[in-house]
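Each remark here refers to the structure printed beneath this line.
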Amino acid sequence: MLTKQTRIRYNDKMNSDTMDAKDGLSLRQRYGHIFGQLAGLSHAPARINELNVYQEGNPATRKIMDAMVEENLLPGSRVEGREHFAEFLEQVKAGKRGLLLSEHYSNLDLPGIFYLLEHDEGNFGRELARRFVAISGLKLNEDDKFVRAYSEAFTRIVIYPSRSLAKVTDPEEIARGKKINMAAMRAMNTARLNKQIIVVFPSGTRYRPGKPETKRGVREIDSYLRIFDVMILVSINGSCLRLSPDNTEDMLADLVFRDKVIVAASPVIECVPFRKAIVDSIDPASGTDPKQVTVNRVMELLEEQHKKYEAVRAAE
630 MLTKQTRIRY NDKMNSDTMD AKDGLSLRQR YGHIFGQLAG LSHAPARINE
680 LNVYQEGNPA TRKIMDAMVE ENLLPGSRVE GREHFAEFLE QVKAGKRGLL
730 LSEHYSNLDL PGIFYLLEHD EGNFGRELAR RFVAISGLKL NEDDKFVRAY
780 SEAFTRIVIY PSRSLAKVTD PEEIARGKKI NMAAMRAMNT ARLNKQIIVV
830 FPSGTRYRPG KPETKRGVRE IDSYLRIFDV MILVSINGSC LRLSPDNTED
880 MLADLVFRDK VIVAASPVIE CVPFRKAIVD SIDPASGTDP KQVTVNRVME
930 LLEEQHKKYE AVRAAE
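Take the sequence shown: its letters are residues 630 to 945, numbered as in my numbering.
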């Protein structure tokens, strides 16, 4: 839990108004007073290369992120599927290579998963969360010093996203991207051997309402299924941070809301049989891309799980 000192220091700018009055303000408006503190605590590199793709979480900025999540979670926020999370942890501890694939709505998704697991009544959540290593896009490190400080609270491996790299024309930048991604694969292999859990958002981007293509899984997820033993799918219902409809590219323009958030896990899935069943069902003569079909099935299962818990959430 946060210390009283940390909570008071973080909240003292908030006491003059009700929290309701703060709902819908941008990150910059609502938490701009702590940006300087965040930047002062940051030590992540501003430019990524093949030597610094693995970055340990920063406990100093993590306290601030926990406080932000805590202030905005409404009563009823919780973990569902505890038994699945617990079984997944036990399999990883036994030596299985573990992959967590999650829905992605906002940059508070990962902080929210961490917070709810670590504060859950079960005795597994803290150990599970501390094994997480998130796959993070280059943009979170290089675009803005405050976003970098915000992101570095959690252990991560930085990649050059394939969608971004495909748009690059400069040969030197292409070479840089390839070196980063090769180093990221090596770092991921080391993390798996250390019984850490790789966390990936299979859509590769945050979902933008009205743009279903942003919820389409990236075909590279098929490669993850080849090299991991077990996975769980995590749905997220409710969000304390939402994209601004007027500015979806500026992460500090995202809008902050108090909300009830339910983080839920699927049963543990064995990766290789899961993938094999899908690939075997495809007619080779159809010209269908098996990689895309595989990730499409992952996204379908996540959507089914999301709808299930959205109905639960709406009924409460």
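Beta carbons are placed, not taken as given, at the ideal position from N, Cα and C, and that holds for glycine.
| query | result |
| --- | --- |
| Start and end residues, beta strand (DSSP E) containing residue 673 | Unbroken run through residue 673: none, as it is neither H nor E. |
| Proximity below 8 Å, CB of residue 763 to CB of residue 792 | no |
| Any alpha helix (DSSP H) of 4 or more consecutive residues that is wholly inside the region 879-916 | 900-909 |
| Separation of residue 686 from residue 767, as counted between CA atoms | 16 Å |
| Three or more C-beta pairs below 8 Å linking the region 803-818 and the region 832-847 | no |
| Pairwise C-alpha distance: residue 735 and residue 937 | 20 Å |
| Proximity below 8 Å, CB of residue 795 to CB of residue 694 | no |
| Rounded separation between residue 741 and residue 916 - CA only | 40 Å |
| Buried or exposed by the 16-neighbour rule on C-beta atoms within 10 Å, applied to residue 743 | buried |
| Buried or exposed (CB count within 10 angstroms, at least 16 for buried), residue 890 | buried |
| Within-8 Å CB hit, residue 676 to chain D | Given the protein chain composition of this structure (a single chain), no chain D is represented. |
| Whole-angstrom distance between residue 912 and residue 696, CA atom to CA atom | 51 Å |
| Option in 926, 944, 837 and 874 with minimal Cα separation from residue 655 | 874 |
| Straight-line Cα distance separating residue 847 from residue 923 | 10 Å |
| Straight-line gap, residue 850 to residue 737 (C-alpha atoms, nearest Å) | 22 Å |
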